[in-house]
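Visitor: Provided herewith is a single structure, encoded as structure tokens, for subsequent inquiry.
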Amino acid sequence: MALAATSTHHKQRLCVLLLGTLFTETIWVNPVLAQTVANPAKPAVSTTSNAEKPAAAKPAPVTPITPAKSENKPENKSEDKSNSKPDAKPASPPEAEAPTVTVTAERPSNRIDRQVYDVKSDVSSTNGSAADALNNVPSVNVDPDGTVSLRGSTKVQILIDGKPSAMLQGDNRAATLAAMPANDIESVEVINNPGAQFGNEAGGGPIINLVMRRTRQPGGFGVINANGGSAGRYNTALSGSYHEGAWGIQGGVNFRHDGRNSVGEAVRDRLDGFSTTPHNTQTSSAKGLNNSSGLNAALTYNLGAKDTLGANFAYNARNNDQQSEDHYQSYNVDRSLFSDYVRTSQRKGDSTSYSWGARLDHKGDISGENLKLDLRVSSSENESVSNYANVYAVKPAFISDRYNLQDSNSNVRLVDFTGDYERPHDDGLIKLGYKIADNKSEFDTAYFDINPVTNSQTVNASRTNRYSLDEGNLALYGSYQMRINEQWGVLAGLRTEYTHIDIRQLSANVGAKNHYLSYIPSFFASYKLSDDTTLRLSYAHRIRRAGAAELNPFISYRDDLNASSGNPKLKPTQTDSLELGYETRVAKLDVNVRAYYRQESDSIVYRRSFIKNGVVQTVSDNCNIVQTTPDCGILLTTPENGGSSHTSGLEFTLSGKVTPKFSINTSGNLLFGEQTYINTAGQEVHRPSTSLSVRGRFNYQLSDDDHLQLSLNSQGRTVSGEGYRQPNSTANFSYRHNITKSLNLVVNVTDIFNSNKTETQVDTDILKERSIRRYDGRLIYVGFSYRFGGVTPGGGNPRPPRG
1 MALAATSTHH KQRLCVLLLG TLFTETIWVN PVLAQTVANP AKPAVSTTSN
51 AEKPAAAKPA PVTPITPAKS ENKPENKSED KSNSKPDAKP ASPPEAEAPT
101 VTVTAERPSN RIDRQVYDVK SDVSSTNGSA ADALNNVPSV NVDPDGTVSL
151 RGSTKVQILI DGKPSAMLQG DNRAATLAAM PANDIESVEV INNPGAQFGN
201 EAGGGPIINL VMRRTRQPGG FGVINANGGS AGRYNTALSG SYHEGAWGIQ
251 GGVNFRHDGR NSVGEAVRDR LDGFSTTPHN TQTSSAKGLN NSSGLNAALT
301 YNLGAKDTLG ANFAYNARNN DQQSEDHYQS YNVDRSLFSD YVRTSQRKGD
351 STSYSWGARL DHKGDISGEN LKLDLRVSSS ENESVSNYAN VYAVKPAFIS
401 DRYNLQDSNS NVRLVDFTGD YERPHDDGLI KLGYKIADNK SEFDTAYFDI
451 NPVTNSQTVN ASRTNRYSLD EGNLALYGSY QMRINEQWGV LAGLRTEYTH
501 IDIRQLSANV GAKNHYLSYI PSFFASYKLS DDTTLRLSYA HRIRRAGAAE
551 LNPFISYRDD LNASSGNPKL KPTQTDSLEL GYETRVAKLD VNVRAYYRQE
601 SDSIVYRRSF IKNGVVQTVS DNCNIVQTTP DCGILLTTPE NGGSSHTSGL
651 EFTLSGKVTP KFSINTSGNL LFGEQTYINT AGQEVHRPST SLSVRGRFNY
701 QLSDDDHLQL SLNSQGRTVS GEGYRQPNST ANFSYRHNIT KSLNLVVNVT
751 DIFNSNKTET QVDTDILKER SIRRYDGRLI YVGFSYRFGG VTPGGGNPRP
801 PRG
């Protein structure tokens with residue numbers, strides 16, 4: 001039976017590969033079948049000129065909030081004329097070309113299906129991380145623990161150059177964002193309603209796409225950054241690029257010694273009446289600065305005027321060491337002390353990740369016709385060994401001091417092969433594509449009880465587990481974009497996905513399989529009220545597939561009071577979202593206002609319940625069967641499909657130069673939400689929430705060589721599971737001084753008022769809990785950025801100009 005199942009599985013993968021190959025060959029041979037959402041041929045839009053002359057065959061207008069590059073090139077930033085051979089003939093007739101114009105802009109123009117933010121204007125980009133850069137993007141928030149949210153929702157996909165990466169899956173995401181230099185990012189694209197070309201990996205909700213820097217300037221240049229910070233923190237990075245003739249190469253190396261120490265406290269009251277110790281408190285502290293290093297390289301070669309080959313590679317390594325101490329106290333019903341002990345943890349760990357890819361870009365016989373084949377392979381591996389010791393000050397009769405060891409290993413491997421074909425014609429643009437993907441995740445946890453006298457180790461079977469998940473995905477999509485007239489532009493798309501999931505609980509030698517077909521429509525429209533004003537409407541239906549950890553039924557113990565487990569029966573969450581946007585210019589300021597609505601069904605929510613549930617059972621101090629004793633009172637968190645939720649809100653951004661020396665970049669989000677779920681008594685509970693979040697980045701140019709920046713961020717209260725997350729506010733300061741045209745001094749102060757915290761409150765029919773965690777605040781970094789080669793940009797821009 002096992003061999004037959006394996007054979008069938010391999011046959012399914014072979015069929016998927018053949019389908020992808022046939023689809024590629026079909027659209028290659030018959031170019032009439034495919035086209036794109038790329039920008040059409042038209043003159044560049046500038047904030048200093050209102051003379052936009054739309055071409056006959058172009059899609060919806062580019063938002064005139066900032067200058068854009070010449071737009072008779074496809075939207076894909078990887079294509080640039082400077083990357084062609086000197087004697088190569090143009091791919092389109094000379095009369096179709098627009099003159100070359102060099103424009104300096106604070107951020108790229110928006111597109112019909114996304115907002116684009118240039119993070120290079122951030123003064124702190126030379127010594128900040130990707131997490132710092134994301135915290136400057138409107139409505140995006142990154143917690144100190146690495147949790148990313150958009151408009152209050154944590155169901156966010158993060159892509160690199162439009163592709164998923166194992167480095168940003170699961171627990172790897174937080175560490176990767178903290179280690180990735182902000183200076184490697186060209187721009188951040190926020191896609192609240194993803195179109196047909198985007199899949200549903202890692203959440204299926206809104207997408208944050210990190211567009212990495214790709215310099216096309218002929219010749220060579222380099223940038224060196226070196227920074228030192230509080231409490232021994234430091235980081236350094238070297239990046240460079242060289243282009244000549246048909247060849248181009250760029251890459252970089254970086255090293256960072258950083259981390260966030262934290263302290264926390266929690267108070268929990270159990271309300272179900274079953275527990276003999278209903279009141280518990282916990283105070284904790286954790287510390288540990290870790291090292292991370294990385295390198296990346298990309299190579300391009302122009303085979304001719306129409307074909308470009310590309311290859312890329314990236315490698316990252318980091319250690320994951322931490323020391324923590326938790327103080328637990330449990331109280332009887334009369335509030336007399338039942339137990340008091342300290343749990344110390346010491347973790348040693350290492351993580352490595354890599355990615356490599358290859359691509360072929362082919363330009364067709366007409367301007368804007370392109371075929372792109374892209375293969376990406378990425379992998380991430382995490383290993384850690386943790387030692388635990390529970391030492392009691394007040395010890396119940398049946399409990400003794402205890403010592404344990406946990407050995408954890410996890411591996412994620414992702415293969416992603418895509419093909420996209422696009423071609424404009426008289427009426428619009430069509431884009432067709434396919435995707436073949438396979439995501440394998442493996443988790444191996446071994447837990448040991450240690451005899452304090454003999455130091456011998458015994459396997460704890462209830463906390464030892466091996467688990468694997470293999471998820472395959474085949475997708476086909478098509479979209480059509482057209483301009484109805486000079487005012488109206490529309491884009492419609494449909495994506496079809498076949499998903500196959502194979503779950504194996506290796507410890508118990510059991511498994512489960514599931515497969516389903518999904519249809520994902522999307523629609524976008526834009527109406528140009530004037531040269532400076534555009535209305536945008538978008539709709540998308542998405543699904544959110546459960547992640548590997550959410551499907552694993554094994555109970556994982558975080559500490560002595562908290563545990564979690566997955567649910568292999570989870571169904572995908574269905575999401576429908578609608579958004580109406582208004583973009584204009586008032587005086588010298590760009591103004592964007594967006595109203596949105598999002599509805600979820602089969603929402604994946606987290607239910608909390610207590611292990612043992614108050615029944616007198618035969619257990620030990622770690623809830624293993626040994627002797628009769630009261631319940632352990634461990635709170636178990638489990639995901640399930642429960643109820644529905646909807647959110648609506650109003651988002652605004654206001655940015656631009658108020659005076660020649662003073663510029664602002666502000667945003668706000670007024671969020672209305674309601675979550676519906678079923679409590680343990682079977683009653684339907686409605687949990688409403690209203691919150692206002694605002695942020696602002698204010699830049700002032702003291703002189704030609706001195707720049708100040710103040711960043712303010714305030715997050716309102718949001719619904720979080722069965723409770724709320726309380727408001728939080730932070731302030732950051734940056735200063736840059738141009739010592740020479742090539743050398744800059746940069747000073748950053750993070751969390752000026754030491755106010756950053758994560759505070760949650762849970763209030764259900766069986767539980768009341770309040771927890772708060774504070775992190776290192778008021779971190780100071782001082783560093784230098786030196787540029788060499790290329791052309792020195794004016795105004796102390798920390799990056800060479802884009803080609």
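Counting along the sequence shown from 1, when you hit position 306 you're at 306 in the UniProt record's numbering, and nothing is skipped either side. All C-beta atoms in this analysis are idealised placements derived from N, C-alpha and C, irrespective of residue type, glycine included.
What is the DSSP secondary structure of residue 740, reduced to helix, strand or coil?
Guide: Coil at residue 740, not helix or strand.
Visitor: Between residue 673 and the rest of its own chain, which residues show a CB-CB distance below 6 Å, the 5 nearest in sequence each way excluded?
Guide: Within the same chain, residue 673 has close Cβ partners 647, 689, 719.
Visitor: Pick from 187, 577, 660, 348: whose alpha carbon is nearest that of residue 409?
Guide: Comparing Cα-Cα distances from residue 409 to each of 187, 577, 660, 348, the minimum goes to 348.
Visitor: Can you give me the C-alpha to C-alpha distance between residue 516 and residue 164, rounded to a whole angstrom?
Guide: So the alpha carbons of these two residues sit roughly 21 Å apart.
Visitor: Look at residue 664 and residue 696 and say whether their C-beta atoms are less than 8 Å apart.
Guide: It is a contact, given that the beta carbons lie within the stated cut-off.
Visitor: Start and end of the alpha helix (DSSP H) containing residue 132?
Guide: Here the alpha helix (DSSP H) through residue 132 covers 130-134.
Visitor: Please tell me whether residue 329 and residue 387 are closer than 8 Å, where the distance is taken between their beta carbons.
Guide: Contact flag unset, no.
Visitor: Would you mind giving the Cβ-Cβ distance between residue 579 and residue 639, rounded to the nearest angstrom? I have them listed as a contact below 8 Å.
Guide: Not confirmed; about 27 Å, so no contact.
Visitor: Using only CA atoms, which one of 117, 179, 703, 642 lies nearest to residue 209?
Guide: Residue 117 is the option with its Cα nearest to residue 209.
Visitor: What residue range does the beta strand (DSSP E) around residue 579 cover?
Guide: It spans 573-586 - the beta strand (DSSP E) in which residue 579 sits, taken as one unbroken run.
Visitor: Quick one: give me the first and last residue of the alpha helix (DSSP H) that residue 550 is part of.
Guide: Per DSSP, residue 550 belongs to the alpha helix (DSSP H) from 548-551.
Visitor: Just to confirm my understanding: we take residue 293, look at its own chain, exclude 5 residues before and 5 after, and list those with CB closer than 8 Å. What are they?
Guide: 253, 254, 255, 256, 316, 317, 318.
Visitor: When you compare each of 312, 132, 543, 426 to residue 574 by their alpha carbons, which one comes out closest?
Guide: Checking every option, the nearest Cα to that of residue 574 belongs to 543.
Visitor: Using the Cα positions of residue 54 and residue 483, report the straight-line distance between them to the nearest angstrom.
Guide: At residue 54 the pLDDT is 34, less than 50, meaning the model places this residue with poor confidence and gives no usable figure here.
Visitor: Could you tell me which whole beta strand (DSSP E) segments of length 3 or greater appear in the stretch 329-405?
Guide: Runs found: 337-363, 370-394.
Visitor: Does the beta-carbon distance from residue 375 to residue 358 come in below 8 Å?
Guide: Yes. Within cutoff.
Visitor: Just how far apart, CA to CA, sit residue 341 and residue 389?
Guide: In a straight line, the C-alpha of residue 341 is about 10 Å away from that of residue 389.
Visitor: Compute the Euclidean distance between the alpha carbons of residue 784 and residue 611, then round it to the nearest angstrom.
Guide: The alpha-carbon atoms of residue 784 and residue 611 are separated by roughly 54 Å.
Visitor: Roughly how many angstroms lie between the CA atoms of residue 810 and residue 211, to the nearest whole one?
Guide: This structure cannot settle anything about residue 810, because the visible part of the chain is limited to 1 through 803.
Visitor: With distances taken between CB atoms, is the gap from residue 196 to residue 477 smaller than 8 Å?
Guide: In this structure, residue 477 lies closer than 8 Å to residue 196 by Cβ.
Visitor: Just checking, does the stretch 450-467 make contact with the stretch 426-434 on the three C-beta pairs under 8 Å criterion?
Guide: Taking 8 Å as the limit for Cβ pairs, the verdict is that the stretch 426-434 does not touch the stretch 450-467.
Visitor: Can residue 660 be considered in contact with the ligand PLP, in the sense that its beta carbon sits closer than 7 Å to one or more heavy atoms?
Guide: Ligands in the displayed structure: none, and consequently the ligand PLP is not present.
Visitor: What's the call for residue 530, buried or exposed, on a 16-neighbour Cβ count within 10 Å?
Guide: With fewer than 16 other Cβ atoms within 10 Å, it is exposed.
Visitor: Considering only their Cβ atoms, is the gap separating residue 190 from residue 276 smaller than 8 Å?
Guide: Contact: no.
Visitor: Applying the criterion that 16 or more other CB atoms from any shown protein chain within 10 Å of the CB defines a buried residue, is residue 668 buried or exposed?
Guide: Residue 668 comes out buried.
Visitor: Once DSSP output is grouped into helix, strand and coil, what is the label at residue 324?
Guide: Strand at residue 324.
Visitor: Return the CA-CA distance between residue 662 and residue 656, expressed in angstroms with no decimal places.
Guide: Going from the Cα of residue 662 to the Cα of residue 656 covers about 9 Å.
Visitor: Which full runs of the beta strand (DSSP E) of 3+ residues lie inside the stretch 428-500, going along the chain?
Guide: Counting only runs of 3 or more, we get 428-450, 457-459, 465-483.
Visitor: Using DSSP with H/G/I as helix, E/B as strand and the rest coil, what is residue 168?
Guide: It is helical.
Visitor: Would residue 336 be called buried (16 or more neighbouring beta carbons within 10 Å of its own) or exposed?
Guide: With fewer than 16 other Cβ atoms within 10 Å, it is exposed.
Visitor: Is the CB-CB distance between residue 321 and residue 343 below 8 Å?
Guide: No, the pair does not count as a contact, with Cβ atoms beyond the cut-off.
Visitor: Closest by CA to residue 132, which one among 731, 474, 699, 263?
Guide: Out of 731, 474, 699, 263, 731 has the C-alpha closest to the C-alpha of residue 132.
Visitor: In this structure, what does DSSP give as the bridge partners for residue 688?
Guide: Answer is 674.
Visitor: For residue 754, count neighbouring Cβ atoms within 10 angstroms of its own Cβ and tell me buried if that reaches 16, exposed if not.
Guide: Label assigned to residue 754: exposed.
Visitor: For residue 177, count the other beta carbons within 10 Å of its own beta carbon; 16 or more makes it buried, fewer makes it exposed. Which is it?
Guide: By the 10 Å Cβ count, residue 177 comes out buried.
Visitor: What is the residue span of the beta strand (DSSP E) that residue 524 lies within?
Guide: Here the beta strand (DSSP E) through residue 524 covers 510-528.
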